[in-house]
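Residue numbers (our numbering), protein chains in the order written: chain A, 1 to 251; chain B, 252 to 508.
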Amino acid sequence: METGITKSKVILEIKNLNKSFGSNTVLKNFNLTLHEGENIAVLGKSGSGKSVLIKCIIGLLMPEKGEIWAFGDKNIPSLGLEELDIIRSKIGFLFQSNALYDSMTVRQNILFPLRRHWIEMDKDHEDLLVHETLQNVGLAHTAEMMPSELSGGMRKRIALARTLVLKPKIMLYDEPTTGLDPITSREISRLIVELQEKYKTSSIIISHDLNCVRITSDKVVMLIDGTCYALDTFDQLKQTKDPRIREFFEE
Amino acid sequence: MIQLPNRWGEIVEETGKLSQFAGNFFVQLFRPRFEGKEFLRQCYTIGYLSLGLVGLTGFIMGLVLTLQVRPIMLQYGVEAKIPAMVSLSIFREIGPVITALIFSGKIGSSIGAELGSMKVTEQIDAMEVSGTNPYKFLVVTRVLACTLMLPVLVLLADLIGLYGSFIGINIHGSTSFALFFKQVFEAMSFGDVLPAFFKTFVFGYAVGIIGCFKGFNSTKGTEGVGKSANSAVVLSALAVFIIDLIAVQVTDLFNFT
């Protein structure tokens with residue numbers, strides 16, 4: 001479907017993706033192409049397979065059939081663990097529950113992905129990087145705090161900072177504004193856009209929050225019956241007469 | 252009766268999964284990279300922070316055992332044999348088993364709840380995404396710390412138990428510290444201490460692996476975390492008794508005593 005957006009290099013391509021849990025088929029021949037610098041939101045009902053989709057992309061779930069080509073030459077489901085880890089360092093994943101490590105300080109949380117990916121640096125560089133990363137999310141003063149001392153919105157920002165510390169090329173957001181009040185939701189959505197521009201990432205955003213989808217995405221995928229039912233801009237989809245799409249946009 | 256085959260099927264399936272999980276420990280243990288820092292942190296949490304509880308339990312164990320057996324020993328006129336009897340009981344059986352049970356209550360439940368909570372809040376997934384092998388980082392370090400720390404705790408509990416026994420004897424009578432320990436060491440041989448000491452490594456491994464298995468397989472929600480912690484304690488306590496039974500049979504078979 002033509003959206004009027006200038007097409008650049010394909011950074012992620014999903015072809016005929018199928019995923020089932022027992023007899024429940026969640027994704028059926030799902031196709032999607034993400035271009036460099038593009039931000040696509042995925043809208044769908046609860047249990048429609050939105051989170052399953054991005055967990056397949058990052059390799060946390062294995063699809064039964066289909067291909068996920070990242071950066072042009074790597075089919076994620078067929079990669080070994082070592083290659084998968086290299087790809088994962090280029091793909092950020094913001095978890096719905098933030099998934100901050102409770103037993104570690106904010107600083108340790110931020111540095112965890114670096115150490116895991118064998119990126120060695122001296123303490124001064126670490127301090128600088130932690131400060132810069134936290135400053136980007138507006139929480140430079142929280143480095144020595146524990147996640148339990150932070151509010152929901154702050155935890156989301158720290159989780160975002162941890163994800164961005166490896167400077168990923170692709171960002172996957174799993175319901176980034178769930179559980180937040182409308183004001184904080186808007187702040188997080190704007191922060192996502194700001195960081196998309198700053199880090200020059202391409203993103204897939206899973207969300208129920210129409211405001212978040214409107215602010216953060218260039219295009220929206222309607223995930224219905226496990227397939228890519230429609231792909232268009234937010235405004236175009238909002239004006240559609242298709243009742244299956246309309247129900248998402250009704251007040 | 253109709254549900255019985257299903258229940259047995261579940262038990263067999265769970266046992267199979269647990270065996271696979273437990274076997275994977277030995278595969279992952281020798282693969283690089285070794286998570287030394289996390290292992291030391293776990294040794295501190297599992298070992299050092301359990302010293303107080305284990306020490307107190309050991310002291311009460313020795314004291315109560317002495318006070319309980321004293322009247323019977325008096326009745327048979329062998330009061331002088333109390334140190335020998337208590338020390339053999341503590342070193343061969345009561346010390347390792349009671350300490351392992353206390354350990355399974357404290358550490359088994361804590362590991363089950365911690366990993367269960369990490370599972371439901373997607374922290375384990377986050378580790379995997381960050382390029383970390385969660386089994387190696389979370390399970391290998393905890394199980395190894397349990398395996399190495401429990402024998403140390405048991406040894407400590409045994410020694411404090413002997414001191415408790417010494418206090419118990421001196422409540423009603425009077426025995427010097429030197430005489431008490433002379434009687435203790437005269438009664439014991441390596442054959443009494445070593446098999447009992449070796450089985451504590453297996454106890455520690457079992458408590459660690461069961462706690463991690465239950466936590467790793469926790470179902471969604473807070474109820475799932477509670478169930479993981481609870482079943483980790485129940486199953487590891489049961490495992491302690493079963494291992495003890497096997498260890499006693501093996502000891503007898505090879506005539507270690």
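Just so it is clear, CB atoms sit at the ideal spot from N, CA and C, and this is done for glycine as well.
Residue i - partner residues in DSSP beta bridges
i	result
B/I362	None, per the DSSP bridge assignment.
B/V337	Bridge partners of B/V337: none, in fact.
A/C228	A/L223
B/F454	According to DSSP, B/F454 bridges with nothing at all.
A/A41	A/I205 and A/V220
A/V10	A/H35
A/G92	A/M171
Simplified DSSP assignment, three categories, for residue i
i	result
A/T142	helix
B/G412	helix
A/M104	coil
B/K332	helix
B/S301	helix
A/F30	strand
A/F21	strand
A/K241	coil
A/N16	strand
A/E2	Its pLDDT being 42, under 50, A/E2 is placed unreliably by the model, and the measurement read from it follows with that caveat. In this structure, A/E2 counts as coil in the three-state DSSP scheme.
B/Y327	coil
B/A480	helix
A/R246	helix
B/P283	coil
B/F432	helix
A/L150	coil
A/G47	coil
A/V137	coil
A/M121	coil
B/G424	coil
B/G459	helix
B/F505	coil
B/G472	coil
A/T233	coil
B/S355	helix
B/N275	helix
B/L395	helix
A/A252	Outside the displayed span of chain A (1 to 251) sits residue 252 of chain A, for which this structure offers no information.
B/M400	helix
B/M439	coil
C-beta atoms of residue i and residue j nearer than 8 Å
i	j	result
B/T502	B/A408	no
B/G412	B/M312	yes
A/F95	A/A41	no
A/M154	A/G44	no
B/A490	B/I461	yes
B/I362	B/A483	yes
A/P176	A/S217	no
A/L27	A/G59	no
A/I188	A/K156	yes
B/P402	B/F448	yes
B/S469	B/K370	yes
B/I494	B/A457	yes
A/I68	A/L17	yes
B/M336	B/V315	no
A/D102	A/S148	yes
A/F93	A/L164	no
A/A161	A/V193	no
B/S301	B/I345	no
A/S97	B/E286	no
A/E144	A/R107	yes
B/I353	B/L304	yes
A/N31	A/K9	no
B/M378	B/F388	yes
- Message: Suppose only complete runs of 4+ residues qualify. What are the alpha helix (DSSP H) ranges in the region 152-200 of chain A, listed by chain order?
- Response: 152-164 and 182-199
Query raised in the report: Using a beta-carbon distance cut-off of less than 7 Å, what residues from the region 361-394 of chain B approach chain A?
Result: T372, E373, Q374, D376, A377, E379, V380, S381, G382 and T383
### Message
Please give the ranges of any beta strand (DSSP E) in the region 52-90 of chain A, keeping only runs that are unbroken, at least 3 residues long and fully inside the region.
### Response
65-70
### Residues of the region 85-103 of chain A with Cβ closer than 9 Å to any Cβ of chain B, in chain order
D85, I86, R88, S89, I91, G92, F93, F95, Q96, S97, N98, A99, L100, Y101, D102 and S103
For the region 58-69 of chain A, which residues have a CB atom closer than 9 Å to at least one CB atom of chain B, in sequence order?
I58, G59 and L60
So within the region 363-391 of chain B, which uninterrupted alpha helix (DSSP H) runs reach at least 4 residues, ignoring any that extend past its ends?
Counting only runs of 4 or more, we get 374-380.
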